[in-house]
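Quick note, the sequence shown lines up with residues 9 to 342 if you use our numbering. So the structure is just underneath, and the comments pick up after that.
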Amino acid sequence: MKAIICEKPGNFETIEVPEPTPSEGEVILRIRKIGICGTDYHAYKGNQPFFSYPRILGHEISAEIAEDMAGFKAGEPVVPVPYLHCGQCKTCKEGKTNCCPNIQTMGVHVDGGMRELMPVPAMNVLRADGLSHEQIATVECLAIGAHAVRRSSLREGQWVAVAGTGPIGIGILHFAQIAGARTIAMDVNDERLAYCKNIIGVDHCVNANEESINALKEITDGNLPDSVFDATGSPNAIEKAFEYVGHGGHLILVSIVKGKLSFEDPLFHAREMTLLSSRNATHEDFSNVMEALRNNHIDINPFVTHRCKFEQLPEIFEDWSDPSSRVIKGMVSL
9 MKAIICEKPG
19 NFETIEVPEP
29 TPSEGEVILR
39 IRKIGICGTD
49 YHAYKGNQPF
59 FSYPRILGHE
69 ISAEIAEDMA
79 GFKAGEPVVP
89 VPYLHCGQCK
99 TCKEGKTNCC
109 PNIQTMGVHV
119 DGGMRELMPV
129 PAMNVLRADG
139 LSHEQIATVE
149 CLAIGAHAVR
159 RSSLREGQWV
169 AVAGTGPIGI
179 GILHFAQIAG
189 ARTIAMDVND
199 ERLAYCKNII
209 GVDHCVNANE
219 ESINALKEIT
229 DGNLPDSVFD
239 ATGSPNAIEK
249 AFEYVGHGGH
259 LILVSIVKGK
269 LSFEDPLFHA
279 REMTLLSSRN
289 ATHEDFSNVM
299 EALRNNHIDI
309 NPFVTHRCKF
319 EQLPEIFEDW
329 SDPSSRVIKG
339 MVSL
């Protein structure tokens, strides 16, 4: 069968690999759609943390069961939860499987979905009845935002600012809206801000290159947002975000950057700010996303901006990774 492998930064190759044989407790998935994520772009460019080469990328996966096994029927539409947790450690036993110290993520630590068939532990496979394969392939991406919003414990009517309006930031905005928050999109890209205003329907947009703090104060009657989510992947933007948080508020770091971050401790203490990180997502988050999609709370049609066939990906990926291509979410079909 065919697979696409990232041999080294900047190099994709289509190769032939043997069809997988399931181990005990695994099912074989037939891949139907793969969403392209920022992690894939970073891996391709050689700046993704926790990554080694060569690697078959792909963790935003829509699939169907290849044959009857482990209680699943052939042809059932499913979504794999790509975070392979150990299930034995203290963290897993407390239900925090998304940050298991032994976690292995498909497409990052182990090979992912850019192949025709793949084995996945049955406990990491969720049924996705009632959804199209394109919807299913957006579930993992949206679950990152759903998890971050759940981590923040935000309440209805609170002000939320999301810095960075790529796919993850868009997911955060959607689930902040579902939670009843008043939303502010922040970015340096006016086209992305227009998307957030016209498609998502956020309450306000702020260009982060301009007087962001003054704009946020004006929007929130001088109070600043109750919760600020960073999805920029920029150390400078993260450090600036500390200034955006209102007294008693939360700063949630969703993006991850290499290296150290710094902040003004007197400001942090004076506002009694809560700093949180948000990593991956849980089965509960995946289920919440699928329910939101079934109930038409999120329309993925404008979200998926670029599409290609599996065999086209090695040639097209370089273009998609260029910001000038205006990709929000790329989708690959098998």
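By construction, the Cβ of each residue, glycine as well, lies at the ideal position given by its N, Cα and C atoms.
Could you check which residue in V133, Y91, V116 has the C-alpha nearest to that of N288? The residue labelled residue 288 in the question sits at position 280 within the sequence shown. Nearest C-alpha to N288: Y91.
Do the segment 120-130 and the segment 58-73 make contact, defined as three or more Cβ pairs closer than 8 Å? yes
Using alpha carbons as the reference points, say which of I306, F271, P62 lies closest to I207. Against the sequence shown, residue 207 aligns to sequence position 199. Nearest of I306, F271, P62 to I207, Cα basis: I306.
Quick one: is I308 near chain C, going by C-beta distance under 7 Å? Checking the listed chains, one finds no chain C in this structure; it contains a single protein chain.
Where do the ends of the alpha helix (DSSP H) carrying F276 lie? By one-based count along the sequence shown, residue 276 stands at place 268. F276 -> alpha helix (DSSP H) spans 273-278.
If contacts are defined as beta-carbon pairs under 8 Å, then G241 and V265 qualify, I think. What distance do you get, rounded to the angstrom? Here the question's residue 241 lines up with position 233 in the sequence shown. Here the question's residue 265 lines up with position 257 in the sequence shown. Right, the Cβ-Cβ distance comes to about 6 Å (below 8 Å), so this counts as a contact.
Among all the DSSP beta bridges, which residues are the ones paired with N215? Against the sequence shown, residue 215 aligns to sequence position 207. When DSSP reads this structure, N215 sits in a beta bridge with D195.
For I192, does the count of other Cβ atoms within 10 angstroms reach 16, so buried, or fall short, so exposed? In the sequence shown, residue 192 corresponds to position 184, counting from 1. Per the 10 Å Cβ criterion, buried.
Excluding the 5 residues flanking P57 on each side, which residues of the same chain have their C-beta closer than 7 Å to its C-beta? Translated into positions along the sequence shown, residue 57 becomes position 49. Taken in chain order, the residues that qualify are I264, K266.
Going by DSSP, name the residue or residues bridged to V340. Along the sequence shown, one-based indexing puts residue 340 at 332. According to DSSP, which records beta bridges pairwise, V340 is partnered with I42, C316.
Which partner residues of K16 appear in the DSSP bridge assignment? Within the sequence shown, numbered from 1, the residue matching residue 16 stands at position 8. Beta-bridge pairing links K16 to N19.
Verify whether the separation of the beta carbon atoms of A184 and V147 is less than 7 Å. The sequence position of residue 184 within the sequence shown is 176, counting from 1. The sequence position of residue 147 within the sequence shown is 139, counting from 1. Against a cut-off of 7 Å, the Cβ pair of V147 and A184 comes out as no contact.
Bridge partners - M9, DSSP secondary structure assignment: As a working mapping, residue 9 is identified with position 1 in the sequence shown. According to DSSP, which records beta bridges pairwise, M9 is partnered with nothing at all.
Beta-carbon proximity list for A82, same chain, < 7 Å, skipping 5 on both sides: Walking along the sequence shown from the start, residue 82 turns up at place 74. Within the same chain, A82 has close Cβ partners I73, A74, E75, D76.
Residues sharing a beta bridge with W167, DSSP: Numbered from 1 along the sequence shown, position 159 holds the residue referred to as residue 167. Answer by DSSP bridge pairing, in chain order: R190.
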